[in-house]
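Heads up: the sequence shown begins at 805 in our numbering, then just goes up one per residue. Idealized CB from N, CA, C, for every residue including glycine. Since the structure comes first, as structure tokens, the remarks are kept for the end.
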Amino acid sequence: MTTEPTYRRGDTGPAVAAIRERLARLGLIDAGAIPVQGEAVFDEAVETAVRHFQQTRRTTVDGLVTPGTLRLLEEASWRLGDRDLVPADEPPFGDDVAELQRSLLTLGFDCGRVNGAYDRATVAAVREFQRNVGLPADGVTDLPTVQALNRLNRRMAGGGLLHAMRESEAIQSSGPALPGKTVVLDPGHGGPDTGVTGTGLTESEIVFDIADRVRARLEKLSVTTHLTRGAGGSPDQRRRAEKANEVGADLLISLHCDSHANPAASGVAAFYYGNDRFGHSSPTGERFAGLVQREITARTGLANLGTHGMTWDLLRYTQMPAVRIELGYLTSTHDAALLASQRFRESCADAIVVAVQRLYLPPESDAPTGILRLAELRAR
């Protein structure tokens, strides 16, 4: 299997010229700086522009043009009406799709999450919109469909609220009891992709072990669980999201460890789907990220690095609330010693399961952070 290249400062050639051109079209570098003759260079200005682009897209900010960043640059080049959006097994992606989704939600047509993917939910919403305005309900977002959307001229404001209400309603209507719910556990990396390594520890092994402990606890509470990979597998993020969607999960929990050039970096952070650019996020994901973050720090002593909205593929393409938890830094001697400890791993598993229960409890039945115990959950 051929590995797609990653471009960084100092690289030259036609691919770098294409990257510079895309950045210039987005207004992130001076168009006049694109060389007419000679080789294009991935210089400091390009790296700064890439970092800015990654920051605005709520993805990993490293200044590298990976295949993922290159795909995001391509998506950013589309505006609604530039092309016909046609239903397909491999859906089109782009900012034009996100614009469409935002408009549909504002008008009350449920297309799910604003994720820039022309997926089944979006196609179904387009068909319903077309039926309502008297257009052929073929699910193709063509010029007449775009013109009909524009004529209604009811821009944003309501779409994000509508999705938030639906997420909240789904949690409330499912009830506080855990039996019957489905949780997908995603141990990061896997197989030849070991993730972060350090001090004799491997990220993929640590998170698989903790995920397995969470699985065992949830199954004792009659929760249906699925792992996105086995001990040796390594599906990409989109495939992991597809698996969670296929089983109709109520919640997805992804586990990782972190690293940093500064060995003093330490603590736990949690991430949910949040996209400021399109004014859309997962409010239930944000709430669960806060619950699990506080439970872990209360039970383990890890520093609380907060919760953050991101657009990584796993968070972006799941149809249910999803969180990614970074369980400490393997480059920190303090965190690595904790991660090597069986007691710490048990505490993390307890914290995650308690946070799952707290997500579904009504406010009057909830317990303070760090107080609720697994034995109490089994008694409910």
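Review point. Between which two residues does the alpha helix (DSSP H) carrying His1138 extend?
Key: Element bounds for His1138: Thr1137 to Leu1143.
Check your understanding: The beta strand (DSSP E) spanning His856 covers which residue range?
Key -> No beta strand (DSSP E) contains His856, which is instead part of the alpha helix (DSSP H) from Glu848 to Thr860.
Point to revise | Of the listed residues His1084, Arg935, Ala1069 and Val1027, nearest to Leu1056 (C-alpha basis) | key: Val1027
Exercise for review: Would you identify the three-state DSSP class for Thr1006, choosing helix, strand or coil?
Suggested key: strand
Exercise for review: Kindly indicate the opening and closing residues of the beta strand (DSSP E) around Asn919.
Suggested key: Here Asn919 belongs to no beta strand (DSSP E), and DSSP marks it neither H nor E.
Exercise for review: Starting from Ser907, follow the beta strand (DSSP E) in both directions and report where the run begins and ends.
Suggested key: That residue, Ser907, is in no beta strand (DSSP E); its alpha helix (DSSP H) goes Asp899 to Thr910.
**Study point:** CA-to-CA distance, Val918 to His1084, given in whole angstroms
**Key:** 6 Å
Review point. According to DSSP, is Ala1074 helix, strand or coil?
Key: Of the three classes helix, strand and coil, the one that applies to Ala1074 here is strand, per DSSP.
Review point. Can you tell me whether Arg955 is buried or exposed, with buried defined as 16 or more other CB within 10 angstroms of its CB?
Key: exposed
Practice item. Find the nearest neighbour of Ala1035 within the set Val1158, Pro996 and Thr860, judged by alpha-carbon distance. Key: Ala1035 has its Cα closest to that of Pro996, out of Val1158, Pro996 and Thr860.
Review point. With 8 Å set as the bound, which would you pick, yes or no: does the beta-carbon of Asp1016 sit closer than that to a beta-carbon of chain C?
Key: The structure shown contains no chain C, having only a single protein chain.
Review point. Quick one: what does DSSP say Asp866 is sitting in, helix, strand or coil?
Key: coil
Review point. What residue range is occupied by the uninterrupted alpha helix (DSSP H) comprising Ile833?
Key: No alpha helix (DSSP H) holds Ile833; DSSP gives it neither H nor E.
Review point. Looking only at C-alpha atoms, which of Val1127, Glu1007, Gly1052 and Gln1161 sits nearest to His1060?
Key: Each of Val1127, Glu1007, Gly1052 and Gln1161 was checked against the Cα of His1060, and the nearest Cα belongs to Glu1007.
Check your understanding: Just how far apart, CA to CA, sit Arg1019 and Leu939?
Key -> 48 Å
Check your understanding: Going along the chain, which residues of its own chain have a beta-carbon closer than 6 Å to the beta-carbon of Pro983, five neighbours each way excluded?
Key -> Ser1026
Check your understanding: Going by beta carbon distance, what residues of the same chain come within less than 6 Å of Asp815, once the five residues before and after it are set aside?
Key -> Result list for Asp815: Phe846, in chain order.
Review point. Which term fits Gln905, buried or exposed, when burial requires 16 or more other beta carbons within 10 angstroms of its beta carbon?
Key: Within a 10 Å sphere around the beta-carbon of Gln905 sit 16 or more other beta-carbons, which makes this residue buried.
**Study point:** Reference Arg1017; option with closest CA among Asp888, Ala1155, Ser881 and Ala952
**Key:** The shortest C-alpha separation from Arg1017 is found at Ala1155.
Point to revise | Closest residue to Pro891 among Asp946, Ala853, Glu808 and Gly867 (Cα-Cα distance) | key: Asp946
Review point. Between the beta-carbon of Gly943 and the beta-carbon of Arg931, is there less than 8 Å?
Key: yes
Exercise for review: Give the straight-line distance between the Cα atoms of Asn936 and Val1127, rounded to the nearest whole angstrom.
Suggested key: 36 Å
Review point. Under the rule that 16 or more other beta-carbon atoms within 10 Å means buried, what is Gly1004, buried or exposed?
Key: Answer is exposed; the Cβ neighbour count stays below 16.
Check your understanding: When DSSP builds the beta bridges, which residues end up paired with Ala993?
Key -> One point to set straight first is that residue 993 is His, not Ala, in the sequence displayed. Answer by DSSP bridge pairing: none, since His993 is not bridged.
Check your understanding: Should Leu1165 be labelled buried (16 or more other beta-carbon atoms within 10 Å of its own) or exposed?
Key -> exposed
Point to revise | CA nearest to the CA of Arg924, picked from Ala974, Pro896 and Glu1023 | key: Pro896
Check your understanding: What is the C-beta distance between Ile1129 and Ser1058, in whole angstroms, given that I count them as a contact (C-beta under 8 Å)?
Key -> 7 Å
Practice item. Going by CA-CA distance only, name the one from Leu911, Asp893, Gly912 and Arg887 that's closest to Val901. Key: Selected option, being the one with the closest Cα: Arg887.
Check your understanding: How about Leu1106 and Leu1134: do their beta carbons lie closer than 8 Å?
Key -> no
Practice item. Could you name the residues of the same chain whose beta carbon sits closer than 6 Å to that of Val927, not counting the 5 residues immediately before and after it, in chain order? Key: Pro891 and Gly943
Check your understanding: Could you give the residue range of the beta strand (DSSP E) that holds Gly1132?
Key -> Ala1126 to Tyr1133
Review point. From Pro818 to Thr998, what distance separates their C-alpha atoms?
Key: 32 Å
Check your understanding: The alpha helix (DSSP H) with Asp1062 in it runs from where to where?
Key -> Run containing Asp1062: none in the alpha helix (DSSP H); it sits in the beta strand (DSSP E), Leu1055 to Asp1062.
Point to revise | Beta-carbon proximity list for Glu879, same chain, < 7 Å, skipping 5 on both sides | key: Phe897, Gly898, Asp899 and Gly920
**Study point:** Cα-Cα separation, Val1160 to Asp1054
**Key:** 10 Å
Check your understanding: Which residues does DSSP pair with Ser1026 in a beta bridge?
Key -> Residue pairing from DSSP leaves Ser1026 without any beta-bridge partner.
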